[in-house]
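Enquirer:
There are 2 protein chains.
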Amino acid sequence: MSEKTIPYKIYLDEHEMPKQWYNVRADMKHKPAPLLNPATLKPMTQEELSAVFCTELAKQELDDTTPYIDIPEEIAGFYKMYRPSPLIRAYCLEEKLKTPAHIYYKFEGNNTSGSHKLNSAIAQAYYAKKQGLKGVTTETGAGQWGTALSMACSYFELDCRVYMVKVSYDQKPFRREVMRTYGASVTPSPSETTQVGRRILAEHPGTSGSLGCAISEAVEAASGTEGYRYVLGSVLNQVLLHQSVIGLETKAALLKYGIEPDIIIGCAGGGSNLGGLISPFMGEKLRGEKDYHFIAVEPASCPSFTRGKFAYDFCDTGKVCPLAKMYTLGSSFIPSANHAGGLRYHGMSTALSQLYADGLMEARSVEQTGVFKAAEQFARVEGILPAPESAHAICAAMEEAQKCTQTGEEKTIVFGLTGTGYFDMVAYEKFHNGDMEDYIPTDEDLEPGFSSLPQVE
Amino acid sequence: MSEKTIPYKIYLDEHEMPKQWYNVRADMKHKPAPLLNPATLKPMTQEELSAVFCTELAKQELDDTTPYIDIPEEIAGFYKMYRPSPLIRAYCLEEKLKTPAHIYYKFEGNNTSGSHKLNSAIAQAYYAKKQGLKGVTTETGAGQWGTALSMACSYFELDCRVYMVKVSYDQKPFRREVMRTYGASVTPSPSETTQVGRRILAEHPGTSGSLGCAISEAVEAASGTEGYRYVLGSVLNQVLLHQSVIGLETKAALLKYGIEPDIIIGCAGGGSNLGGLISPFMGEKLRGEKDYHFIAVEPASCPSFTRGKFAYDFCDTGKVCPLAKMYTLGSSFIPSANHAGGLRYHGMSTALSQLYADGLMEARSVEQTGVFKAAEQFARVEGILPAPESAHAICAAMEEAQKCTQTGEEKTIVFGLTGTGYFDMVAYEKFHNGDMEDYIPTDEDLEPGFSSLPQVE
Chain A
52 MSEKTIPYKI
62 YLDEHEMPKQ
72 WYNVRADMKH
82 KPAPLLNPAT
92 LKPMTQEELS
102 AVFCTELAKQ
112 ELDDTTPYID
122 IPEEIAGFYK
132 MYRPSPLIRA
142 YCLEEKLKTP
152 AHIYYKFEGN
162 NTSGSHKLNS
172 AIAQAYYAKK
182 QGLKGVTTET
192 GAGQWGTALS
202 MACSYFELDC
212 RVYMVKVSYD
222 QKPFRREVMR
232 TYGASVTPSP
242 SETTQVGRRI
252 LAEHPGTSGS
262 LGCAISEAVE
272 AASGTEGYRY
282 VLGSVLNQVL
292 LHQSVIGLET
302 KAALLKYGIE
312 PDIIIGCAGG
322 GSNLGGLISP
332 FMGEKLRGEK
342 DYHFIAVEPA
352 SCPSFTRGKF
362 AYDFCDTGKV
372 CPLAKMYTLG
382 SSFIPSANHA
392 GGLRYHGMST
402 ALSQLYADGL
412 MEARSVEQTG
422 VFKAAEQFAR
432 VEGILPAPES
442 AHAICAAMEE
452 AQKCTQTGEE
462 KTIVFGLTGT
472 GYFDMVAYEK
482 FHNGDMEDYI
492 PTDEDLEPGF
502 SSLPQVE
Chain B
52 MSEKTIPYKI
62 YLDEHEMPKQ
72 WYNVRADMKH
82 KPAPLLNPAT
92 LKPMTQEELS
102 AVFCTELAKQ
112 ELDDTTPYID
122 IPEEIAGFYK
132 MYRPSPLIRA
142 YCLEEKLKTP
152 AHIYYKFEGN
162 NTSGSHKLNS
172 AIAQAYYAKK
182 QGLKGVTTET
192 GAGQWGTALS
202 MACSYFELDC
212 RVYMVKVSYD
222 QKPFRREVMR
232 TYGASVTPSP
242 SETTQVGRRI
252 LAEHPGTSGS
262 LGCAISEAVE
272 AASGTEGYRY
282 VLGSVLNQVL
292 LHQSVIGLET
302 KAALLKYGIE
312 PDIIIGCAGG
322 GSNLGGLISP
332 FMGEKLRGEK
342 DYHFIAVEPA
352 SCPSFTRGKF
362 AYDFCDTGKV
372 CPLAKMYTLG
382 SSFIPSANHA
392 GGLRYHGMST
402 ALSQLYADGL
412 MEARSVEQTG
422 VFKAAEQFAR
432 VEGILPAPES
442 AHAICAAMEE
452 AQKCTQTGEE
462 KTIVFGLTGT
472 GYFDMVAYEK
482 FHNGDMEDYI
492 PTDEDLEPGF
502 SSLPQVE
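Line by line, the protein sequences are chains A and B.
Under our numbering, the first residue of the first sequence is numbered 52, with each subsequent residue one higher.
Under our numbering, the first residue of the second sequence is numbered 52, with each subsequent residue one higher.
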């Protein structure tokens, strides 16, 4: 291996870390559509939002004009425990693919929650603490968000109540134990502890739950308990704001070595990672300073961007949450048992939805066996075992790099590696044993979800 | 949180990474006793060792005079994929303990094998490849070494055959899947695939295996197969040599900020991490340049240093390996079901044994419930979920820091955090549920192991 002028891993120094988050909405000509009150169908006010979210977070949710927002000192201090995350040059993957492309990935898996989710969890816990709350409630699917939030709450000594989708609760007992290590209480959802849970159990006895259903329970649990608020790990504007730390660090690291990316790729479930990674680059594009090719990658089994409708929809199954205008498959759509649990959500961030509608980025979908094949190949050459969610981005990055092998172009590709797959070995085992299947919903499969969309313009 | 002059995480730049390993034996006045041929009881020659190990590794095993050995370029290249590992200032733990002590830990868990084991695995795989071998065999207990070796073999496209202690094979299916992801074949031990395995199964039907037994099988499998050699992840001199990269990086990072450690702490199973971490510091002590207080921490249930005998013993149950002079509980000693699988070995590195016999370091033992209590406390404030093995060092570091709280001394404590506990959640679950027990063997319990020691001077 010859001497490389760019290191394998670019770490920023602490003083080079971002001191402010970047709010991409400030630079958007077409702002994301406002959240609507499901009862009145009027835009949610800060006061209404503050009944569900912490006051400061409600404010951040609505602020679409301030481009930079200071990262409070306490959060910046916590960030230093596990950030900056490395921007890694995938020399070994490039060699394996014999590609002239230069591939970089921003690796967010080097913390115990195993993903980028901690970036927003610590912010949300901080504002809850500052407001004098006792605790927060949330839902978790695969468990990465729940783990991140339990770590953040433990740090600020807040109570943390997690509703975990029942199928994951049963299949991922180790995730549950990590949350317990951090002192969180974990309830399988749907549960008997909420009205909406009891209703869903009555309607669908024996259901193994869904993210949309767990959200409904967590929201109800928070609104019914003095001193509690609900927090969410994706979709929301506030989450994209906090996650912009990923993109800001990436940008600073690239700048440090004079690297200009051509293509920026992220996996897309609710949009927390994709939005965080691309925000500052998208800002440049929106301001007409630079051009980048953005690619959102989603599972073919849950294709909100590529086959969804851009419409107002409920964020949850129980229809207790505000309505959001987004690319959606309908809140009644139940995604198939894809192993990338973090991407099994019917909707998408409203900001990313608007950007996609405005033609500012590409979206593509990939099938899960292809994703695991890419994941395994990546693990073998780059030494990191990726989460299935993250492997969607790997898959697209490899496709783009292979195009360069064909054309001889020396493109610079940056992708987000959101986390590690240590708690996903059941899925890897299925893949190794040849028991993994692909599933692409037919148009008929999607129809019921679309029919359930509320009639709102 | 106030501004800190020393960063939370000290990362060396790539050009500051060690270019040579350090061989502590070169500075030892009393050299570690040689390995003996179990048939002749004569010191093993390089030729004899080369029948089991790769030629270059056999040479390293015997070399007790060369202080620095170049790290081959290919290994240095692989190290750059996951090293340098961070030296972390435990600001949050210090605050929690209200201690005037300054605590640092060298964190080796940020790679997919989850521990420091990769440092030697990649070196051993490299020399095997260079020698033109087809593959290697090894044993694994908790699975960290097996995972590390399968990653290293995958990188150099070598076949990797792992004998995994049956109880772990059954209880840790996910570890097994990680190894399979890297293309290794994993066999539960004892197995029908070897003579020694069949013999042990005949003598102890239904046995759940042990590390000593898996070693015997792996050695037999290698010696019976053309183009294969056996590799081992601990105990050996060559392993300590490769692992010195931990201590060398630690030393360079401390030097960069003018930090002088008083106490250096490592957990001790076969000695790979402890030896690697302390080697360069021990070198200074041996040469009379500096003084440090070294502490080896072992489980009270498997107390080789603190209650073992310093004697020649077999390294394996099947008695096919050379004899080593070490602190040992006897090769027939079966440690209780302690959850720190990586520390459940009856013996200890010969070099560390000699250093301990010469009074150059302290050893202490801790009980597992105390270890898990420390692990959980650490996870909550430092954000890293430690492996049970690593938590032995945390436990002692916290003891020392609390002494400083009493005395007001501002000691600087450095400990090795060898890895993460993501595959140990069964143990954490037991701890949370109050189902974990401590076990300290009585003198009578230890007697049979001591009686089985071979009569060699």
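Ideal placement from N, C-alpha and C gives every residue a C-beta, glycine not left out.
Mind pulling the chain A residues with CB within less than 7 Å of Lys-131 (chain B)?
Expert: Translated into the one-based positions of the second sequence, residue 131 (chain B) becomes position 80. Result: Tyr-59.
Enquirer: Determine the closest residue to Gly-470 (chain B) out of B:Ala-102, B:Gln-294, B:Ser-164, B:Gln-506, with distance taken between C-alpha atoms.
Expert: Position 419 of the second sequence, counted from the start, is the residue given in the question as residue 470 (chain B). Closest option to Gly-470 (chain B), Cα to Cα, is B:Ser-164.
Enquirer: Classify Thr-513 (chain A) as helix, strand or coil using the three-state DSSP reduction.
Expert: No information on residue 513 (chain A) is available, as it lies outside the stretch 52 to 508 that chain A covers here.
Enquirer: Between the segment 111-122 of chain A and the segment 59-73 of chain A, are three or more C-beta pairs nearer than 8 Å?
Expert: Because the criterion of three Cβ pairs below 8 Å is met, the segment 111-122 of chain A and the segment 59-73 of chain A touch.
Enquirer: Run the CB neighbour count on Pro-137 (chain A), radius 10 Å, all protein chains shown included, and call it buried at 16 or more, exposed below.
Expert: Taking the first residue of the first sequence as 1, we reach residue 137 (chain A) at position 86. Label assigned to Pro-137 (chain A): buried.
Enquirer: Looking at the structure shown, is Ser-13 (chain A) part of a helix, part of a strand, or coil, going by DSSP?
Expert: One cannot answer for residue 13 (chain A) here, as it falls past the ends of chain A, which runs 52 to 508.
Enquirer: Distance, Cα to Cα, His-293 (chain B) vs Leu-299 (chain B)?
Expert: Within the second sequence, residue 293 (chain B) is the residue found at index 242, counting from 1. Within the second sequence, residue 299 (chain B) is the residue found at index 248, counting from 1. When only Cα atoms are considered, His-293 (chain B) and Leu-299 (chain B) end up about 11 Å apart.
Enquirer: Do Ser-330 (chain B) and Ser-295 (chain B) count as a contact pair if the criterion is CB distance below 8 Å?
Expert: Here residue 295 (chain B) refers to the residue found at position 244 of the second sequence. Here residue 330 (chain B) refers to the residue found at position 279 of the second sequence. It is a contact, given that the beta carbons lie within the stated cut-off.
Enquirer: Taking all protein chains shown into account, decide if His-153 (chain B) is buried (16 or more other Cβ within 10 angstroms of its Cβ) or exposed.
Expert: The residue you call residue 153 (chain B) lines up with position 102 of the second sequence. The residue is buried, with at least 16 neighbouring Cβ atoms inside 10 Å.
Enquirer: So with CB distances below 7 Å, who are the chain B contacts of Asn-162 (chain A)?
Expert: The residue given as residue 162 (chain A) occupies position 111 in the first sequence. Against chain B, the beta carbon of Asn-162 (chain A) has neighbours under 7 Å at Gly-434, listed in chain order.
Enquirer: What is the DSSP secondary structure of Asp-221 (chain B), counted as helix, strand or coil?
Expert: One-based indexing of the second sequence puts residue 221 (chain B) at position 170. Three-state DSSP puts Asp-221 (chain B) in a helix.
Enquirer: Exposed or buried, which one is Val-507 (chain A) when buried takes at least 16 other CB atoms within 10 Å?
Expert: One-based indexing of the first sequence puts residue 507 (chain A) at position 456. Result: exposed.
Enquirer: Where are the alpha helix (DSSP H) runs, 4 residues long or more, that stay fully inside the segment 86-136 of chain B, in chain order?
Expert: 97-103, 106-113, 124-133
Enquirer: What are the boundary residues of the alpha helix (DSSP H) that includes Asp-364 (chain B)?
Expert: Stepping through the second sequence from its first residue, residue 364 (chain B) is reached at position 313. Counting along the chain, Asp-364 (chain B) falls outside any alpha helix (DSSP H), though it belongs to the beta strand (DSSP E) covering 360-365.
Enquirer: Starting from the beta carbon of Ala-253 (chain A), find every residue of chain B whose beta carbon is closer than 9 Å, and list them in chain order.
Expert: As a first step, residue 253 (chain A) must be located in the first sequence, where it is residue number 202. Annotation: Ala-253 (chain A) has no Cβ neighbours in chain B at a cutoff of 9 Å; minimum Cβ distance is about 32 Å.
Enquirer: Let me make sure I understand the geometry here. Which of A:Ala-235, A:Glu-268, A:Leu-262 has the alpha-carbon closest to that of Arg-250 (chain A)?
Expert: Locating residue 250 (chain A) in the first sequence gives position 199, where the first residue counts as 1. Of the listed residues, the one whose Cα sits closest to Arg-250 (chain A) is A:Glu-268.
Enquirer: Please identify, using Cβ separations under 9 Å, the residues of the segment 198-229 of chain B that lie next to chain A, in order along the chain.
Expert: Met-202, Ser-205, Tyr-206, Pro-224, Phe-225, Arg-226, Arg-227, Glu-228, Val-229
Enquirer: Nearest to Ala-159 (chain B) by alpha carbon, out of B:Tyr-407, B:Ile-297, B:Ala-127?
Expert: For the purposes of this step, residue 159 (chain B) is taken as residue 108 along the second sequence, with counting starting at 1. The amino acid at residue 159 (chain B) is misidentified as Ala; the sequence shows Glu. Comparing Cα-Cα distances from Glu-159 (chain B) to each of B:Tyr-407, B:Ile-297, B:Ala-127, the minimum goes to B:Ile-297.
Enquirer: Measure the alpha-carbon distance for Gly-485 (chain B) versus Val-465 (chain A) and round it to whole angstroms.
Expert: Along the second sequence, one-based indexing puts residue 485 (chain B) at 434. Along the first sequence, one-based indexing puts residue 465 (chain A) at 414. So the alpha carbons of these two residues sit roughly 46 Å apart.
Enquirer: How long is the line joining the alpha carbons of Lys-217 (chain A) and Val-371 (chain B), rounded to whole angstroms?
Expert: Position 166 of the first sequence, counted from the first residue, corresponds to residue 217 (chain A). Position 320 of the second sequence, counted from the first residue, corresponds to residue 371 (chain B). Answer to the nearest angstrom: the Cα atoms are 50 Å apart.
Enquirer: What three-state label does DSSP hand Tyr-279 (chain B) in the structure shown?
Expert: The sequence position of residue 279 (chain B) within the second sequence is 228, counting from 1. In this structure, Tyr-279 (chain B) counts as strand in the three-state DSSP scheme.
Enquirer: Looking at chain A, which residues of the segment 293-324 of chain B have a Cβ within less than 7 Å of any of its Cβ atoms?
Expert: none
Enquirer: For Leu-8 (chain B), report the span of its beta strand (DSSP E) as first-last.
Expert: There is no way to answer for residue 8 (chain B), as the model of chain B reaches only from 52 to 508.
Enquirer: For the beta strand (DSSP E) containing Cys-211 (chain B), name the first residue and the last one.
Expert: In the second sequence, counting from the first residue as 1, residue 211 (chain B) sits at position 160. Its beta strand (DSSP E) spans residues 210-216.
Enquirer: Out of B:Glu-67, B:Leu-374, B:Thr-56, point me to the one whose CA is closest to Lys-302 (chain B)'s CA.
Expert: The residue labelled residue 302 (chain B) in the question sits at position 251 within the second sequence. When the alpha-carbon of Lys-302 (chain B) is set against those of B:Glu-67, B:Leu-374, B:Thr-56, the nearest one is in B:Glu-67.
Enquirer: Examine chain A for any beta-carbon lying closer than 8 Å to the beta-carbon of Cys-46 (chain B), and answer yes or no.
Expert: Outside the displayed span of chain B (52 to 508) sits residue 46 (chain B), for which this structure offers no information.
Enquirer: Is the separation between the beta-carbon of Ile-385 (chain B) and that of Ile-346 (chain B) shorter than 8 Å?
Expert: On the second sequence, position 334 is the one that residue 385 (chain B) refers to. On the second sequence, position 295 is the one that residue 346 (chain B) refers to. In this structure, Ile-385 (chain B) sits away from Ile-346 (chain B), with a CB-CB distance that is not shorter than 8 Å.
Enquirer: Just how far apart, CA to CA, sit Glu-65 (chain B) and Thr-96 (chain B)?
Expert: Position 14 of the second sequence, counted from the first residue, corresponds to residue 65 (chain B). Position 45 of the second sequence, counted from the first residue, corresponds to residue 96 (chain B). If you take the alpha carbons of Glu-65 (chain B) and Thr-96 (chain B), they lie about 38 Å apart.
Enquirer: If you follow the beta strand (DSSP E) that Pro-350 (chain A) is part of, which residue opens it and which one closes it?
Expert: As a working note, residue 350 (chain A) is residue 299 in the first sequence. From DSSP, the beta strand (DSSP E) with Pro-350 (chain A) extends over 344-350.
Enquirer: Can you check the segment 374-435 of chain A for any beta strand (DSSP E) of at least 3 residues that lies completely inside it and give the ranges in chain order?
Expert: 374-379, 413-417
Enquirer: Where does Pro-94 (chain B) land, buried or exposed, given buried means 16+ other C-beta within 10 angstroms?
Expert: Here residue 94 (chain B) refers to the residue found at position 43 when the second sequence is read from its first residue. Classification for Pro-94 (chain B): exposed.
Enquirer: Just to confirm, are Tyr-233 (chain A) and Ser-201 (chain A) a CB contact at a threshold of 8 Å?
Expert: As a position in the first sequence, residue 233 (chain A) is number 182, starting the count at 1. As a position in the first sequence, residue 201 (chain A) is number 150, starting the count at 1. In contact: Tyr-233 (chain A) and Ser-201 (chain A) (Cβ atoms closer than 8 Å).
Enquirer: I need the straight-line Cα distance from Gly-421 (chain B) to Met-449 (chain B), nearest angstrom please.
Expert: In the second sequence, the residue the question calls residue 421 (chain B) occupies position 370. In the second sequence, the residue the question calls residue 449 (chain B) occupies position 398. Roughly 11 Å separates the two Cα atoms.
Enquirer: Comparing C-alpha positions only, which one of B:Leu-87, B:Gly-326, B:His-390 sits nearest to Glu-480 (chain B)?
Expert: Your numbering for residue 480 (chain B) matches position 429 in the second sequence. Of the listed residues, the one whose Cα sits closest to Glu-480 (chain B) is B:His-390.
Enquirer: Measure from the C-beta of His-153 (chain B) to each C-beta in chain A and report whether the shortest distance is under 8 Å.
Expert: In the second sequence, the residue the question calls residue 153 (chain B) occupies position 102. No, His-153 (chain B) does not count as interfacial toward chain A.
Enquirer: Can a CB atom of chain B be found closer than 8 Å to the CB of Phe-178 (chain A)?
Expert: Walking along the first sequence from the start, residue 178 (chain A) turns up at place 127. The sequence given here places Tyr at residue 178 (chain A); Phe does not occur at that position. No, Tyr-178 (chain A) does not count as interfacial toward chain B.
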